[in-house]
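Engineer: Counted the way our numbering counts, the sequence shown spans residues -19 to 176. Cβ coordinates follow ideal geometry from the N, Cα and C atoms, glycine included. Quick caveat: nothing in here was measured; it's all calculated off a predicted structure.
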Amino acid sequence: MLTRIAVLASGAGSNLVAIMEHLAALGSARAGEVVLVISDRAAAGAIAHAGERGIPYEHIPAIDAERLSSVLVDHDIDMVVLAGYLARVPRTVTSRFAGRVINVHPALLPSFGGLGMYGRRVHEAVLAAGERVSGLTVHFVDDEYDHGAVIAQWRVPVLAGDDADTLARRVLDAEHLVYPRVVDLVAAAIARSAVP
Ligand code: GRF
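#1: Could you work out which residue in Asp123, Gly110, His85, Ala63 is closest to threonine 74 when comparing CA atoms only?
#2: Quick one: what does DSSP say serine 114 is sitting in, helix, strand or coil?
#3: What first and last residue would you give for the alpha helix (DSSP H) that runs through alanine 168?
#4: Return yes when the C-beta of proline 86 is under 6 Å from any heavy atom of the ligand GRF, and no when it is not.
#5: Please report how far the alpha carbon of isoleucine 27 lies from the alpha carbon of alanine 108, in whole angstroms.
#6: Do you know how far the Cα of methionine -19 is from the Cα of glutamate 111?
#7: I need the DSSP call for glutamate 46, collapsed to helix, strand or coil.
#8: Decide if the segment 80 to 91 is in contact with the segment 57 to 72; the criterion is three or more beta carbon pairs, one per stretch, under 8 Å apart.
#9: Under 7 Å, do valine 118 and alanine 129 count as touching if we go by C-beta distance?
#10: Does DSSP put arginine 100 in a helix, a strand or coil?
#11: Which residues in the same chain have their Cβ closer than 8 Å to the Cβ of arginine 68, if we skip the five residues on either side of it in sequence?
#12: Mapping the DSSP letters down to three states, classify methionine -19 as helix, strand or coil.
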């Protein structure tokens, strides 16, 4: 049976698109399907992408934890995928979906993570620290920002002359390659109940 995935996104939604395209390309070999998109921002590109593809979507303000939980339950969601979701996931969701909520962070956690470390700021901090390597981390989500168990990491070089934008682009390209594949793997593990 296909794992029913809800994607939560606040921004442009390029990871959402990469995930939907990868699962579509896998066809009958895919382990999961995106059946719902939720955004805390009505104007998020992610909502437009869902609309274009006929995928049900909801705008749920970050403060409405109760509605978020009940919408996930109403849609019979098995797995929650954060893709550029900037709000904190409420405890009701992390406990009901323990081991079934994942996120991608644009750096090698535990470095350059935590409260306030998102978007451009992450890449600025990596450059300011003089790192030669950055990357991405896919991890389970618990109650602390960027804290849950790591599922996968992918290293990306920091090149001479990089600024936050060029580094962000290189990391984002890697996210588009890696995150959809990890989403499918975790969906397969959930389908086999192989997630703790
Ligand atoms: C990505 O860099 C991701 O790592 C971070 O937010 C960004 C989302 O971009 N959590 P998009 O909305 O998927 O284009």
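Structural biologist: This is what the structure holds:
#1: When Asp123, Gly110, His85, Ala63 are compared, the shortest CA-CA separation from threonine 74 is found for Asp123.
#2: Serine 114 falls in the strand class under three-state DSSP.
#3: Counted as a single uninterrupted DSSP element, the alpha helix (DSSP H) harbouring alanine 168 occupies residues 144 to 171.
#4: Yes, since a heavy atom of the ligand GRF falls inside the 6 Å radius drawn around the Cβ of proline 86.
#5: Distance from the CA of isoleucine 27 to the CA of alanine 108, rounded to the nearest whole angstrom, comes to 34 Å.
#6: In this structure, the CA atom of glutamate 111 is about 43 Å from the CA atom of methionine -19.
#7: Judged by DSSP in its simplified three-state form, glutamate 46 adopts helix.
#8: With the cut-off at 8 Å, the segment 80 to 91 and the segment 57 to 72 touch.
#9: The Cβ-Cβ distance between valine 118 and alanine 129 does not fall below 7 Å.
#10: Of the three classes helix, strand and coil, the one that applies to arginine 100 here is helix, per DSSP.
#11: Contacts found: Ala42, Tyr125.
#12: Residue state for methionine -19 is assigned as coil, using DSSP reduced to three classes.
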